[in-house]
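In my numbering, the protein residues as written are 59 to 372.
Where is the CB? At the ideal position from N, CA and C, for every residue including glycine.
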(Lines of atoms letter the chains of each structure in order from A and count residues from 1; the text may use other names and numbers.)
(Lines give C-alpha, C1' and ligand atoms only; values in the text may rest on other atoms or scores of the structure.)
Protein backbone atom coordinates (compact mmCIF):
# COMPACT_ATOMS: atom_id res chain seq x y z
CA UNK A 1 0.00 0.00 0.00
CA UNK A 2 1.35 3.38 -1.01
CA UNK A 3 0.48 5.07 2.28
CA UNK A 4 2.50 2.61 4.36
CA UNK A 5 5.76 4.09 5.58
CA UNK A 6 8.90 1.89 5.57
CA UNK A 7 10.41 0.59 8.80
CA UNK A 8 13.66 -1.43 8.77
CA UNK A 9 13.82 -4.15 11.45
CA UNK A 10 17.34 -5.53 11.94
CA UNK A 11 17.30 -8.50 14.31
CA UNK A 12 19.83 -11.02 15.53
CA UNK A 13 21.21 -12.81 18.57
CA UNK A 14 23.66 -11.15 20.93
CA UNK A 15 27.14 -10.51 19.44
CA UNK A 16 25.94 -11.17 15.86
CA UNK A 17 27.15 -7.77 14.59
CA UNK A 18 23.76 -6.17 13.99
CA UNK A 19 24.61 -2.85 15.70
CA UNK A 20 27.73 -2.39 13.52
CA UNK A 21 25.60 -3.10 10.46
CA UNK A 22 22.97 -0.54 11.55
CA UNK A 23 25.71 2.08 12.02
CA UNK A 24 27.06 1.34 8.54
CA UNK A 25 23.58 1.84 7.06
CA UNK A 26 23.24 5.08 9.04
CA UNK A 27 26.41 6.35 7.34
CA UNK A 28 25.10 5.53 3.88
CA UNK A 29 21.49 6.68 4.00
CA UNK A 30 18.83 8.92 5.44
CA UNK A 31 18.20 6.84 8.57
CA UNK A 32 17.73 7.13 12.32
CA UNK A 33 18.40 4.25 14.74
CA UNK A 34 15.99 2.99 17.40
CA UNK A 35 17.38 0.49 19.92
CA UNK A 36 15.32 -2.66 20.53
CA UNK A 37 17.12 -3.92 23.63
CA UNK A 38 15.67 -4.46 27.10
CA UNK A 39 19.08 -3.92 28.77
CA UNK A 40 20.15 -0.76 26.91
CA UNK A 41 17.20 1.19 28.33
CA UNK A 42 18.96 1.32 31.73
CA UNK A 43 21.26 4.17 32.71
CA UNK A 44 24.70 3.21 34.10
CA UNK A 45 24.42 -0.36 32.78
CA UNK A 46 26.97 0.08 30.02
CA UNK A 47 29.65 -2.61 29.92
CA UNK A 48 27.48 -5.65 30.63
CA UNK A 49 24.86 -4.61 28.09
CA UNK A 50 27.50 -3.93 25.37
CA UNK A 51 26.01 -0.45 25.06
CA UNK A 52 27.51 1.74 22.32
CA UNK A 53 30.03 4.10 23.90
CA UNK A 54 29.32 7.83 24.31
CA UNK A 55 31.63 8.46 21.34
CA UNK A 56 29.76 5.90 19.21
CA UNK A 57 26.42 7.36 20.25
CA UNK A 58 27.63 10.84 19.29
CA UNK A 59 28.40 9.53 15.78
CA UNK A 60 25.40 7.19 15.61
CA UNK A 61 22.59 8.47 17.85
CA UNK A 62 20.36 5.68 19.19
CA UNK A 63 16.84 6.32 20.47
CA UNK A 64 15.64 4.35 23.56
CA UNK A 65 19.05 4.07 25.23
CA UNK A 66 19.54 5.31 28.84
CA UNK A 67 15.87 6.22 29.31
CA UNK A 68 15.25 4.81 32.82
CA UNK A 69 17.20 3.93 35.98
CA UNK A 70 17.89 0.31 36.97
CA UNK A 71 15.22 0.70 39.67
CA UNK A 72 12.44 1.16 37.09
CA UNK A 73 10.54 -1.33 34.94
CA UNK A 74 10.16 -1.14 31.15
CA UNK A 75 7.57 -3.30 29.40
CA UNK A 76 6.92 -4.43 25.84
CA UNK A 77 3.80 -2.23 25.85
CA UNK A 78 5.91 0.83 26.75
CA UNK A 79 8.36 -0.09 24.00
CA UNK A 80 5.54 -0.21 21.42
CA UNK A 81 4.24 3.19 22.59
CA UNK A 82 7.70 4.79 22.56
CA UNK A 83 8.89 3.25 19.31
CA UNK A 84 5.75 4.05 17.31
CA UNK A 85 5.93 7.69 18.42
CA UNK A 86 9.59 7.79 17.34
CA UNK A 87 8.84 6.04 14.03
CA UNK A 88 6.21 8.68 13.22
CA UNK A 89 8.59 11.52 14.19
CA UNK A 90 11.37 10.06 12.03
CA UNK A 91 9.01 9.65 9.06
CA UNK A 92 7.85 13.24 9.55
CA UNK A 93 11.49 14.34 9.03
CA UNK A 94 11.56 12.43 5.74
CA UNK A 95 13.85 9.74 7.17
CA UNK A 96 13.55 5.96 7.59
CA UNK A 97 13.81 4.31 11.03
CA UNK A 98 16.13 1.35 11.58
CA UNK A 99 15.09 -0.70 14.60
CA UNK A 100 18.04 -2.78 15.74
CA UNK A 101 18.39 -5.19 18.65
CA UNK A 102 17.91 -8.63 20.09
CA UNK A 103 14.86 -8.31 22.35
CA UNK A 104 12.54 -10.39 20.18
CA UNK A 105 9.53 -9.88 22.47
CA UNK A 106 9.67 -6.17 21.60
CA UNK A 107 9.85 -6.90 17.87
CA UNK A 108 6.96 -9.36 18.17
CA UNK A 109 4.87 -6.80 20.06
CA UNK A 110 5.56 -4.18 17.39
CA UNK A 111 4.82 -6.52 14.48
CA UNK A 112 1.76 -8.22 15.94
CA UNK A 113 0.40 -5.95 18.64
CA UNK A 114 -0.28 -6.63 22.30
CA UNK A 115 -3.34 -7.72 24.18
CA UNK A 116 -5.12 -4.54 25.31
CA UNK A 117 -7.58 -6.37 27.55
CA UNK A 118 -4.91 -7.06 30.20
CA UNK A 119 -4.68 -4.87 33.31
CA UNK A 120 -1.73 -2.58 33.88
CA UNK A 121 0.94 -3.61 36.37
CA UNK A 122 -0.07 -3.15 40.01
CA UNK A 123 2.91 -2.58 42.29
CA UNK A 124 1.07 -3.62 45.49
CA UNK A 125 -0.03 -6.94 43.99
CA UNK A 126 3.49 -7.58 42.68
CA UNK A 127 5.07 -6.83 46.03
CA UNK A 128 2.61 -9.18 47.71
CA UNK A 129 3.55 -12.01 45.32
CA UNK A 130 7.27 -11.37 45.89
CA UNK A 131 6.66 -11.36 49.65
CA UNK A 132 4.94 -14.76 49.31
CA UNK A 133 7.99 -16.02 47.41
CA UNK A 134 10.31 -14.81 50.17
CA UNK A 135 8.16 -16.49 52.82
CA UNK A 136 7.31 -19.74 51.06
CA UNK A 137 9.78 -20.08 48.16
CA UNK A 138 9.30 -19.73 44.40
CA UNK A 139 8.25 -23.38 44.09
CA UNK A 140 5.19 -22.59 46.25
CA UNK A 141 4.33 -19.53 44.12
CA UNK A 142 4.75 -21.61 40.95
CA UNK A 143 2.37 -24.27 42.33
CA UNK A 144 -0.15 -21.51 43.06
CA UNK A 145 0.07 -20.40 39.43
CA UNK A 146 -0.44 -23.96 38.19
CA UNK A 147 -3.53 -24.19 40.34
CA UNK A 148 -5.20 -21.03 38.98
CA UNK A 149 -3.81 -21.16 35.42
CA UNK A 150 -2.72 -24.71 34.46
CA UNK A 151 -1.88 -23.66 30.88
CA UNK A 152 0.52 -20.94 32.08
CA UNK A 153 1.98 -23.53 34.46
CA UNK A 154 2.76 -25.76 31.48
CA UNK A 155 4.34 -22.91 29.52
CA UNK A 156 6.48 -21.46 32.31
CA UNK A 157 9.27 -22.92 34.41
CA UNK A 158 9.76 -22.16 38.09
CA UNK A 159 12.74 -19.96 37.06
CA UNK A 160 10.51 -17.69 34.91
CA UNK A 161 9.87 -15.39 37.86
CA UNK A 162 8.80 -12.27 35.98
CA UNK A 163 6.30 -14.23 33.88
CA UNK A 164 4.95 -16.02 36.96
CA UNK A 165 4.50 -12.70 38.78
CA UNK A 166 2.69 -11.19 35.78
CA UNK A 167 0.39 -14.21 35.34
CA UNK A 168 -0.54 -14.30 39.03
CA UNK A 169 -0.95 -10.52 39.07
CA UNK A 170 -3.42 -10.67 36.15
CA UNK A 171 -5.36 -13.48 37.82
CA UNK A 172 -5.61 -11.61 41.11
CA UNK A 173 -6.69 -8.39 39.39
CA UNK A 174 -9.25 -9.95 37.01
CA UNK A 175 -10.15 -13.35 38.48
CA UNK A 176 -9.32 -14.90 35.09
CA UNK A 177 -6.21 -16.72 33.79
CA UNK A 178 -3.85 -14.64 31.63
CA UNK A 179 -3.79 -17.41 29.01
CA UNK A 180 -7.56 -17.18 28.62
CA UNK A 181 -7.49 -13.37 28.27
CA UNK A 182 -4.68 -13.58 25.72
CA UNK A 183 -6.54 -16.15 23.62
CA UNK A 184 -9.56 -13.83 23.40
CA UNK A 185 -7.52 -10.85 22.26
CA UNK A 186 -7.47 -10.11 18.52
CA UNK A 187 -4.11 -9.12 17.08
CA UNK A 188 -3.59 -5.38 16.72
CA UNK A 189 -1.29 -5.04 13.72
CA UNK A 190 0.49 -1.77 13.03
CA UNK A 191 -1.14 -1.40 9.61
CA UNK A 192 0.36 1.98 8.79
CA UNK A 193 3.92 0.64 8.53
CA UNK A 194 5.61 -1.39 5.85
CA UNK A 195 8.05 -3.54 7.81
CA UNK A 196 11.22 -4.78 6.11
CA UNK A 197 12.58 -7.57 8.32
CA UNK A 198 16.24 -8.60 8.22
CA UNK A 199 17.89 -11.20 10.46
CA UNK A 200 21.57 -11.87 11.10
CA UNK A 201 21.84 -15.56 12.00
CA UNK A 202 25.51 -16.53 12.05
CA UNK A 203 26.75 -20.08 12.49
CA UNK A 204 26.42 -21.08 16.15
CA UNK A 205 30.06 -22.02 16.61
CA UNK A 206 31.17 -18.69 15.18
CA UNK A 207 28.67 -16.86 17.39
CA UNK A 208 29.86 -18.75 20.49
CA UNK A 209 33.41 -17.59 19.73
CA UNK A 210 32.24 -13.98 19.39
CA UNK A 211 30.31 -14.22 22.68
CA UNK A 212 33.41 -15.56 24.45
CA UNK A 213 35.56 -12.71 23.09
CA UNK A 214 32.98 -10.10 24.08
CA UNK A 215 32.78 -11.44 27.65
CA UNK A 216 36.59 -11.51 27.97
CA UNK A 217 36.69 -7.87 26.94
CA UNK A 218 33.91 -7.04 29.45
CA UNK A 219 35.92 -8.50 32.35
CA UNK A 220 39.07 -6.69 31.17
CA UNK A 221 37.47 -3.23 30.96
CA UNK A 222 35.90 -3.39 34.41
CA UNK A 223 32.49 -5.02 34.32
CA UNK A 224 32.70 -6.10 37.97
CA UNK A 225 33.54 -2.52 38.98
CA UNK A 226 30.45 -1.37 37.09
CA UNK A 227 28.24 -3.81 39.00
CA UNK A 228 29.79 -2.75 42.33
CA UNK A 229 28.96 0.88 41.43
CA UNK A 230 25.38 -0.12 40.60
CA UNK A 231 25.02 -1.85 44.00
CA UNK A 232 26.33 1.28 45.72
CA UNK A 233 24.31 3.82 43.71
CA UNK A 234 20.99 1.97 43.35
CA UNK A 235 21.20 -0.83 45.92
CA UNK A 236 20.93 -3.16 42.92
CA UNK A 237 19.49 -6.51 44.00
CA UNK A 238 18.34 -9.73 42.37
CA UNK A 239 14.63 -8.82 42.64
CA UNK A 240 14.92 -5.96 40.12
CA UNK A 241 14.22 -6.78 36.45
CA UNK A 242 17.39 -4.87 35.47
CA UNK A 243 19.50 -7.17 37.65
CA UNK A 244 18.17 -10.22 35.83
CA UNK A 245 19.93 -9.18 32.62
CA UNK A 246 22.45 -11.80 31.51
CA UNK A 247 25.87 -11.14 33.03
CA UNK A 248 24.54 -8.77 35.68
CA UNK A 249 22.70 -11.58 37.46
CA UNK A 250 25.86 -13.73 37.69
CA UNK A 251 28.12 -10.79 38.68
CA UNK A 252 25.66 -9.67 41.35
CA UNK A 253 25.50 -13.16 42.83
CA UNK A 254 29.33 -13.34 42.88
CA UNK A 255 29.73 -9.94 44.58
CA UNK A 256 26.96 -10.46 47.15
CA UNK A 257 26.99 -14.18 47.92
CA UNK A 258 30.46 -15.62 47.23
CA UNK A 259 33.83 -15.54 49.00
CA UNK A 260 35.17 -13.56 45.97
CA UNK A 261 38.04 -16.01 45.58
CA UNK A 262 39.75 -16.59 42.23
CA UNK A 263 37.95 -19.93 41.96
CA UNK A 264 34.55 -18.29 42.58
CA UNK A 265 35.37 -15.62 40.01
CA UNK A 266 36.18 -18.23 37.36
CA UNK A 267 32.94 -20.06 38.18
CA UNK A 268 31.01 -16.81 37.80
CA UNK A 269 32.66 -16.14 34.42
CA UNK A 270 31.73 -19.66 33.25
CA UNK A 271 28.13 -19.15 34.40
CA UNK A 272 27.98 -15.83 32.51
CA UNK A 273 29.29 -17.47 29.35
CA UNK A 274 26.77 -20.31 29.63
CA UNK A 275 23.89 -17.88 30.32
CA UNK A 276 24.84 -15.70 27.34
CA UNK A 277 24.95 -18.73 25.05
CA UNK A 278 21.53 -19.76 26.38
CA UNK A 279 20.25 -16.25 25.63
CA UNK A 280 21.51 -16.56 22.04
CA UNK A 281 19.78 -19.94 21.75
CA UNK A 282 16.48 -18.39 22.91
CA UNK A 283 16.95 -15.54 20.44
CA UNK A 284 17.39 -18.04 17.58
CA UNK A 285 14.17 -19.79 18.67
CA UNK A 286 12.26 -16.48 18.84
CA UNK A 287 13.55 -15.49 15.40
CA UNK A 288 12.53 -18.77 13.82
CA UNK A 289 9.06 -18.32 15.31
CA UNK A 290 8.82 -14.78 13.89
CA UNK A 291 10.04 -16.00 10.49
CA UNK A 292 7.10 -18.42 10.32
CA UNK A 293 4.64 -15.51 10.59
CA UNK A 294 6.46 -12.70 8.74
CA UNK A 295 8.54 -12.16 5.61
CA UNK A 296 12.27 -12.04 6.34
CA UNK A 297 15.61 -11.82 4.62
CA UNK A 298 18.17 -13.83 6.56
CA UNK A 299 21.95 -13.53 6.42
CA UNK A 300 24.56 -15.96 7.73
CA UNK A 301 27.38 -13.40 7.70
CA UNK A 302 27.71 -9.65 8.14
CA UNK A 303 29.48 -9.49 4.76
CA UNK A 304 26.49 -11.11 3.08
CA UNK A 305 24.16 -8.56 4.71
CA UNK A 306 26.45 -5.65 3.80
CA UNK A 307 26.49 -6.65 0.14
CA UNK A 308 22.75 -7.22 -0.04
CA UNK A 309 21.83 -4.00 1.80
CA UNK A 310 24.34 -1.85 -0.10
CA UNK A 311 21.59 -0.12 -2.06
CA UNK A 312 19.22 0.33 0.87
CA UNK A 313 18.53 4.02 1.32
CA UNK A 314 16.38 5.90 3.79
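Close Cβ partners of residue i (< 6 Å) along its chain, the five nearest in sequence each way excluded
i, result
"residue 356", "257, 259"
"residue 101", "124, 127"
"residue 300", "100, 128"
"residue 144", "92, 121"
"residue 316", "322"
"residue 60", "Low confidence applies to residue 60: its pLDDT is 47, below 50, so where it sits in the model is not reliable enough to give any reading."
"residue 291", "none"
Distance CB(residue i)-CB(residue j) smaller than 8 Å
i, j, result
"residue 106", "residue 276", "yes"
"residue 213", "residue 196", "no"
"residue 331", "residue 270", "yes"
"residue 253", "residue 169", "yes"
"residue 348", "residue 166", "yes"
"residue 154", "residue 64", "yes"
"residue 360", "residue 75", "yes"
"residue 210", "residue 232", "no"
"residue 322", "residue 312", "yes"
"residue 109", "residue 98", "yes"
"residue 200", "residue 183", "no"
"residue 79", "residue 338", "no"
Contacts around residue i, its chain only, beta-carbon distance under 8 Å, and the 5 residues preceding and following it disregarded
i, result
"residue 206", "226, 229, 235"
"residue 297", "188"
"residue 310", "285, 289, 294, 295, 296, 301"
Continuous alpha helix (DSSP H) stretch holding residue i: start and end
i, result
"residue 330", "320-351"
"residue 312", "306-315"
"residue 69", "Not the alpha helix (DSSP H): residue 69 falls in the beta strand (DSSP E), residues 63-69."
"residue 151", "Here residue 151 belongs to no alpha helix (DSSP H), and DSSP marks it neither H nor E."
"residue 361", "360-366"
"residue 165", "162-170"
"residue 131", "Where residue 131 is concerned, there is no enclosing alpha helix (DSSP H), given that its DSSP letter is neither H nor E."
"residue 112", "112-117"
"residue 200", "196-206"
"residue 241", "236-242"
Boundaries (first-last residue) of the beta strand (DSSP E) holding residue i
i, result
"residue 74", "Careful: residue 74 lies outside any beta strand (DSSP E) and carries neither H nor E."
"residue 157", "154-159"
"residue 301", "Per DSSP, residue 301 belongs to no beta strand (DSSP E) and is neither H nor E."
"residue 281", "No beta strand (DSSP E) contains residue 281, which is instead part of the alpha helix (DSSP H) from 281-292."
"residue 258", "251-258"
"residue 355", "354-357"
Top-ranked residue by Cα proximity to residue i, from the options
i, options, result
"residue 174", "241, 320, 62, 289", "241"
"residue 251", "361, 324, 358, 171", "171"
"residue 103", "87, 80, 116, 130", "130"
"residue 116", "81, 323, 365", "81"
"residue 181", "224, 77, 202", "224"
"residue 262", "84, 149, 340, 291", "340"
"residue 84", "98, 109, 114, 62", "114"
"residue 62", "112, 150, 362", "150"
"residue 66", "139, 148, 112, 110", "148"
"residue 176", "190, 239, 338", "239"
"residue 324", "351, 194, 192, 273", "273"
Cβ neighbours of residue i in the same chain (closer than 7 Å, five flanking residues each side left out)
i, result
"residue 268", "73"
"residue 70", "76, 160, 257, 258, 259"
"residue 353", "255"
"residue 365", "none"
"residue 266", "335"
"residue 345", "69, 162, 257, 259"
"residue 204", "211"
Is the region 89-96 touching the region 160-172 in the sense that three or more CB pairs, one from each, lie closer than 8 Å?
-> Per the Cβ contact rule, the region 160-172 is in contact with the region 89-96 (3 or more Cβ pairs under 8 Å).
Flag this pair as touching only if the region 270-286 and the region 303-319 have three or more C-beta atom pairs under 8 Å; answer yes or no.
-> When Cβ pairs closer than 8 Å are counted between the two stretches, the region 270-286 is seen to touch the region 303-319, the count reaching three or more.
Contact between the region 331-340 and the region 126-140: three or more CB pairs below 8 Å?
-> A contact between stretches requires three or more CB pairs, one per stretch, nearer than 8 Å, and the region 331-340 fails this requirement with the region 126-140.
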